[in-house]
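K.L.:
Chains as they are written, first to last, in the UniProt record's numbering: chain A, 1 to 383; chain B, 1 to 383.
1) Compute the beta-carbon to beta-carbon distance between residue 399 (chain A) and residue 5 (chain A), rounded to the nearest angstrom, for a pair I have assumed lies under 8 Å.
2) Return the chain-ordered ranges of every beta strand (DSSP E) run that is complete within the region 128-213 of chain B and spans a minimum of 3 residues.
3) Spatial neighbours of residue 139 (chain B) within its chain, please: CB distance less than 8 Å, with the 5 preceding and 5 following residues excluded, ordered by chain position.
4) Below 8 Å between beta carbons: does that hold for residue 83 (chain A) and residue 220 (chain A)?
5) What do you get for residue 229 (chain B), buried or exposed, if any count of 16 or more other CB atoms within 10 angstroms of its CB means buried?
6) Please return the same chain residues whose Cβ sits closer than 7 Å to the Cβ of residue 118 (chain A), not counting the five positions on each side in sequence.
7) Please identify, using Cβ separations under 7 Å, the residues of the region 185-218 of chain A that lie next to chain B, in order along the chain.
8) Roughly how many whole angstroms lie between the Cα atoms of residue 152 (chain A) and residue 69 (chain A)?
9) Restricting to Cα atoms, I'd like to know which of B:328, B:240, B:345 and B:195 is closest to residue 338 (chain B).
10) Thinking C-beta only, is residue 232 (chain B) closer than 8 Å to residue 367 (chain B)?
11) For residue 183 (chain A), which residues in the same chain have their Cβ closer than 6 Å to its Cβ, ignoring the five residues on either side in sequence?
12) Smallest Cα separation from residue 216 (chain A): which of A:33, A:45 and A:18?
13) Quick one: residues in its chain with C-beta nearer than 7 Å to the C-beta of residue 75 (chain B), no 5 flanking neighbours on either side, listed in chain order?
14) Drop a sphere of 10 angstroms on the beta-carbon of residue 100 (chain A), count the other beta-carbons inside from all chains shown, and report buried for 16 or more, exposed for fewer.
15) Output needed for residue 311 (chain B): all residues of its chain with C-beta closer than 6 Å, excluding positions within five of it in sequence on either side, in chain order.
16) Could you tell me which residues DSSP puts in a beta bridge with residue 224 (chain A)?
17) Is there a Cβ of chain B sitting closer than 8 Å to that of residue 48 (chain A), yes or no?
18) For residue 396 (chain A), which option in A:370, A:192, A:143 and A:350 has the closest C-alpha, if you only look at C-alpha atoms?
19) Please list the residues of the region 298-313 of chain A that have a C-beta atom closer than 7 Å to any C-beta atom in chain B, keeping them in chain order.
20) With a threshold of 8 Å between beta carbons, is residue 177 (chain B) in contact with chain A?
21) Can you list, in chain order, the stretches of the beta strand (DSSP E) that have 3 or more residues and sit fully within the region 45-128 of chain B?
22) How would you list, in chain order, the residues of chain B whose beta-carbon sits under 9 Å from the beta-carbon of residue 336 (chain A)?
23) Is it buried or exposed for residue 234 (chain A), if we count other Cβ within 10 angstroms and need 16 for buried?
24) One question on the structure: do residue 286 (chain A) and residue 365 (chain A) come within less than 8 Å of each other, judged by their Cβ atoms?
25) How is residue 360 (chain B) classed by DSSP in three states: helix, strand or coil?
26) What first and last residue would you give for the alpha helix (DSSP H) that runs through residue 272 (chain B)?
27) Between which two residues does the alpha helix (DSSP H) containing residue 247 (chain A) stretch?
28) Check distances from the C-beta atoms of the region 91-114 of chain B to those of chain A and list, in chain order, the residues that come in under 9 Å.
29) Strictly below 9 Å CB to CB, what residues from chain B border residue 288 (chain A)?
30) Chain B partners of residue 263 (chain A), CB-CB under 9 Å?
31) Taking only beta-carbon positions, decide if residue 331 (chain A) is within less than 8 Å of chain B.
32) By the DSSP assignment, the alpha helix (DSSP H) with residue 291 (chain A) in it spans what residues?
33) What are the residues of the region 360-383 of chain B that lie near chain A, defined by any Cβ-Cβ distance shorter than 7 Å?
34) In chain order, what residues of the same chain lie with their CB nearer than 6 Å to the CB of residue 122 (chain A), ignoring the 5 residues before and after it?
35) Considering only C-alpha positions, which residue in the set B:32, B:19 and B:77 is nearest to residue 333 (chain A)?
36) With 16 other CB atoms within 10 Å as the buried threshold, where does residue 430 (chain B) fall?
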């Protein structure tokens, strides 16, 4: 399943000794071809982890043959030794597979500033290589989990081709990529340039619109590998649509597993002069701790919504804004309308709608509420 | 004390029945002259409350004779009726004092979307007018409290002149003004244009650098009134320096009383290419929920500091950043340095220092930690 659902891929997930629990913590995904086209997007954070610095070089030629991922340590700000560890891991993967290290993407996740034990990783690569199989997708998805409570996998069926995917992430979800690692695979025949266009289009409306806590990670990587093993070349539109479906499905799995959250909140901004305006407004609401704490308290506090809208540069008339919570228009023309007491926020899914009345563009941004459990998980343990 | 410490001012604070507890909730501050110069800054939020919309017009000519403030309701997004309430309150103050309503600043604080009972306010104005006295500063400071646990007052002594001040605010503290109302008074002789220059200089490095929870209010107002009663004209430099001292003192009182906070955090950014860069970096750290939760957990998590720095556009080399927590340099040249276990964060005051090594500019931004009590106070009750 997941990354091994499309033809031409093998994968494995093994314990390499990075997690003190002995759980699986190293995953390997290999594209057996016949094509090795790829596209990758990275975190927009300027402070990037060693595996990101390495992988940025790897992906430049559009060819990726393998992705090796570890949980249990982000290998970020660990100095020259840390970069050498990333390099050594890529070399070991290349050696075992008989390919060049320059075709191996490396991903790591975990605590910043903590050196990963190199020997554990190299032994883990050997074990993962020995375990590679066309059934290995589920084990790989399990090996990249950190504080995730469940593994995240997806399969989307095309006409004679498939897209598979796995993701890890449970907090630190923010725009221009959440703290997450995602590997997507397909057996469709798609050249690297088209993969890149499709991936950017798909992430723009899925992962990039997830804003769990406004914190951008140093390690985010989304890699898409195409094996061409189906022999079928879909239209770019069809492929982009299927890829967007896969990315959105994984994004919703990430949202539902966000650390300590009690609610999944979809903020839809309507009537915007542009899609950028809609996203800016949605994001500003998604980042309001006051609004997020109110949702945790099942309080339909539309005042906190409007106070966030007012911090943006979007086009709107402050005296003519409408706000609905779970379908109840609690504010019309910037004036109290329906009784907030009629809004029921006790379910996990919350919908906030803001009508800017300034155009036809719209966008949805997803976030979570701010809870005691969020504070606990992010204060009681380092991560 | 406070706003009545300088000569030429009377004030009062009375219960007007807006707070269900029967506590004082209406304050009146009157400048008896001989001069009536003033300067005022308002929230940068585009969604502004009715009293802000009113007061923006009042202050345009630089003349303000009285400020009337109420807690117990923000009068924000309450429709045309709400604006008429603000207008009626200003008219009643003007009538009692024999001045024009166009010289009366109105400030309100409390829940958005809730209409203030007009008759209560008007009766409150009458009661406050009857109670006006040169000893009324403390009562006025008490009447503007909402979730504040203590009233905030300050007096700064000049050479034969004084500055007095009061503030309310305990959360929703954000740049371009916290959710706060501040009245500053002086008996120095200072023309309106100089008051404006001094006030902008003072707020820029005090209230504007306070970022308790990143949420910008709809009602923030800082008004400075000069009576000229001392007959002394200080230099603009001396006056600005004293005013900055008064504003910083009040800002620190706001910081220490932020809702549910366990720590006051001073984030100093050194070695910046510009002061704007230093402020941008400091603000990005101050807005990281992950960093703030770590401080609550007494965890010197410098990885979360660097992850925030990386989201900014400031000039720096990601491979050459230094970070200290309470004076311990836990990261040098973007590599682990001193053992984080030697950092003691158990005290209330936390100092974070980031050296960008890109210039000589610096700035300090203040924030609080993210605690269970913050979530509780902002989820269990509407505000």
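From the three backbone atoms N, C-alpha and C, an ideal C-beta is built for every residue, glycine too.
P.N.:
Looking at the atomic coordinates:
1) Residue 399 (chain A) falls outside the range modelled here, since chain A spans only 1 to 383, and no answer is possible.
2) The region 128-213 of chain B contains, as complete beta strand (DSSP E) runs of 3+ residues, the segments 152-157, 162-168 and 181-186 (chain order).
3) Sequence index remark: in the second chain, residue 139 (chain B) carries index 139 (1-based). Excluding sequence neighbours, residue 139 (chain B) sits near 11, 12, 13, 14, 24, 27 and 131.
4) Position 83 of the first chain, counted from the start, is the residue given in the question as residue 83 (chain A). Position 220 of the first chain, counted from the start, is the residue given in the question as residue 220 (chain A). Their beta carbons are not under 8 Å apart, which means residue 83 (chain A) does not touch residue 220 (chain A) by this criterion.
5) In the second chain, the residue the question calls residue 229 (chain B) occupies position 229. Buried, because 16 or more other Cβ atoms sit within 10 Å of the Cβ of residue 229 (chain B).
6) Here residue 118 (chain A) corresponds to residue number 118 of the first chain, with the count starting at 1. The residues are 85 and 88.
7) 213, 214, 215, 216, 217 and 218
8) Counted from its first residue, the first chain places residue 152 (chain A) at position 152. Counted from its first residue, the first chain places residue 69 (chain A) at position 69. One C-alpha to the other measures close to 15 Å.
9) Along the second chain, one-based indexing puts residue 338 (chain B) at 338. For the residues B:328, B:240, B:345 and B:195, the minimum Cα distance to residue 338 (chain B) belongs to B:328.
10) Your numbering for residue 367 (chain B) matches position 367 in the second chain. Your numbering for residue 232 (chain B) matches position 232 in the second chain. Cβ atoms of residue 367 (chain B) and residue 232 (chain B): not closer than 8 Å.
11) Along the first chain, one-based indexing puts residue 183 (chain A) at 183. Closer than 6 Å at Cβ, skipping near neighbours: 3, 29, 67, 166 and 223.
12) Walking along the first chain from the start, residue 216 (chain A) turns up at place 216. Closest option to residue 216 (chain A), Cα to Cα, is A:45.
13) Here residue 75 (chain B) is taken as the residue at index 75 of the second chain, counted from 1. If we look at residue 75 (chain B) and ignore the five residues flanking it on each side, its Cβ neighbours are 49, 50, 51, 82, 85, 86, 108 and 116.
14) Taking the first chain and counting its residues from 1, one reaches residue 100 (chain A) at position 100. Its Cβ having fewer than 16 others within 10 Å, residue 100 (chain A) is exposed.
15) As a working note, residue 311 (chain B) is residue 311 in the second chain. Cβ within range, chain order: 284.
16) As a first step, residue 224 (chain A) is located in the first chain; it is residue number 224 there, counting from the start. DSSP, once it has assigned bridges, lists A:39 and A:184 as partnering residue 224 (chain A).
17) Here residue 48 (chain A) is taken as the residue at index 48 of the first chain, counted from 1. For residue 48 (chain A), the closest Cβ of chain B is nearer than 8 Å.
18) A question about residue 396 (chain A) goes unanswered here, because the residues of chain A that appear run from 1 up to 383.
19) Answer set for the region 298-313 of chain A: 299, 301, 302, 303, 306, 307, 309, 310 and 311.
20) One-based indexing of the second chain puts residue 177 (chain B) at position 177. Residue confidence is low: residue 177 (chain B) scores 37 on pLDDT, short of 50, so the model does not pin down where it sits. No coordinate-derived value is stated.
21) 66-70 and 104-108
22) Here residue 336 (chain A) refers to the residue found at position 336 when the first chain is read from its first residue. Ordered by position in chain B, the residues that pass the 9 Å Cβ test against residue 336 (chain A) are 77, 78, 79, 113, 114 and 115.
23) Translated into positions along the first chain, residue 234 (chain A) becomes position 234. Counting Cβ neighbours within 10 Å, residue 234 (chain A) comes out buried, since at least 16 surround it.
24) Reading the first chain from its first residue, position 286 is the one you call residue 286 (chain A). Reading the first chain from its first residue, position 365 is the one you call residue 365 (chain A). Residue 286 (chain A) is a Cβ neighbour of residue 365 (chain A), given a cutoff of 8 Å.
25) Sequence index remark: in the second chain, residue 360 (chain B) carries index 360 (1-based). Secondary structure at residue 360 (chain B): coil, using DSSP grouped into helix, strand and coil.
26) Numbered from 1 along the second chain, position 272 holds the residue referred to as residue 272 (chain B). Where residue 272 (chain B) is concerned, there is no enclosing alpha helix (DSSP H), although the beta strand (DSSP E) it sits in stretches over 264-272.
27) What you label residue 247 (chain A) is simply residue 247 of the first chain in a count that begins at 1. Element bounds for residue 247 (chain A): 236-256.
28) 111, 112, 113 and 114
29) Numbered from its first residue, the first chain carries residue 288 (chain A) at position 288. Chain B residues near residue 288 (chain A): 213, 214 and 215.
30) Position 263 of the first chain, counted from the first residue, corresponds to residue 263 (chain A). Per Cβ cutoff of 9 Å: no residues; residue 263 (chain A) is ~11 Å from chain B at best.
31) The sequence position of residue 331 (chain A) within the first chain is 331, counting from 1. So, interface residue.
32) The residue you call residue 291 (chain A) lines up with position 291 of the first chain. Note, residue 291 (chain A): alpha helix (DSSP H), 289-296.
33) 370, 371, 372, 375, 378, 379, 380 and 382
34) Along the first chain, one-based indexing puts residue 122 (chain A) at 122. Only 92 meet the Cβ criterion.
35) By one-based count along the first chain, residue 333 (chain A) stands at place 333. Ranking the options by Cα distance to residue 333 (chain A), first place goes to B:77.
36) The question about residue 430 (chain B) has no answer here: the residues shown for chain B are numbered 1 through 383.
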